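Residue numbers (my numbering): 4 to 236.
One structure is given here, and the rest of the page talks about it.
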């Protein structure tokens, strides 16, 4: 195990931990081992325990590690460098104090990924010459949220994964389908594209034609006995 840790320390020149401290991390659906019992906790508490372990290991091994919080905490700094030559004295203790704060804010993940990417691109030549690479660990509970500063159209880094809300007729149609007011809406309605809506309309027209023909046949059968009775008289 010690040999593996030494190899990992030599392979990576930098380690980045992007930590999500948004408001959703306060949800209490996590768990941790307390002695022999599993106890419930928040996502932030569970992530904080993992961050404490990795930061303490980086400080003890002298491995350069950078911890980026997505939102500025109520107390302390947002960026912490632990281990290596650039770490300041007491950096580990200050980072552990920040982990005691409560999570709050959004999830501006794209801005932090770009910041780390710019850092790596600026040192790409030196890393290639040394034959070393960079490790990036993203600790989050969901997708990134959009903001005026982080909005982008970069493939694979969409800051707003939620689709645009439907407008006009399509929004009203989807609303009627969700409420079950449309004809033949037996299943829970889902957002339909143009092809699915066209196919559903076509089926409705065919059903309506069959109903009209059936009604016409019934009316014709009802008239025949009357006509026969009138002829007999």
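The beta-carbon is built from N, C-alpha and C at its ideal position, and this holds for glycine as well.
Remember, predicted model here, so these are calculated numbers, not experimental data.
Should residue i go down as buried or exposed, given a rule of 16 or more other Cβ atoms within 10 Å for buried?
i: residue 22; result: buried
i: residue 56; result: exposed
i: residue 86; result: buried
i: residue 18; result: buried
i: residue 213; result: exposed
i: residue 51; result: buried
i: residue 156; result: Residue placement at residue 156 cannot be trusted, given a pLDDT of 40 that sits under 50; the coordinates are not used to answer.
i: residue 66; result: buried
i: residue 122; result: exposed
i: residue 58; result: buried
i: residue 36; result: exposed
i: residue 209; result: exposed
i: residue 147; result: buried
i: residue 133; result: exposed
i: residue 221; result: exposed
From the DSSP output, read off the bridge partner residues of residue i.
i: residue 136; result: 15
i: residue 72; result: 22
i: residue 33; result: 44
i: residue 141; result: 21
For residue i and residue j, which I take to be in contact (beta-carbon distance under 8 Å), what is that distance rounded to the nearest angstrom?
i: residue 106; j: residue 26; result: 6 Å
The ligand PLP heavy atoms versus the CB of residue i: any closer than 6 Å?
i: residue 109; result: Absent from the structure shown: the ligand PLP. Ligands present: none.
The stretch 9-16 touching the stretch 31-43, judged by at least three CB pairs closer than 8 Å: no
When the Cβ atoms of the stretch 65-82 are set against those of the stretch 96-103, are three or more pairs found closer than 8 Å? yes
Which complete beta strand (DSSP E) runs does the stretch 43-126 hold, if anything under 3 residues is left out? 68-72 and 82-85
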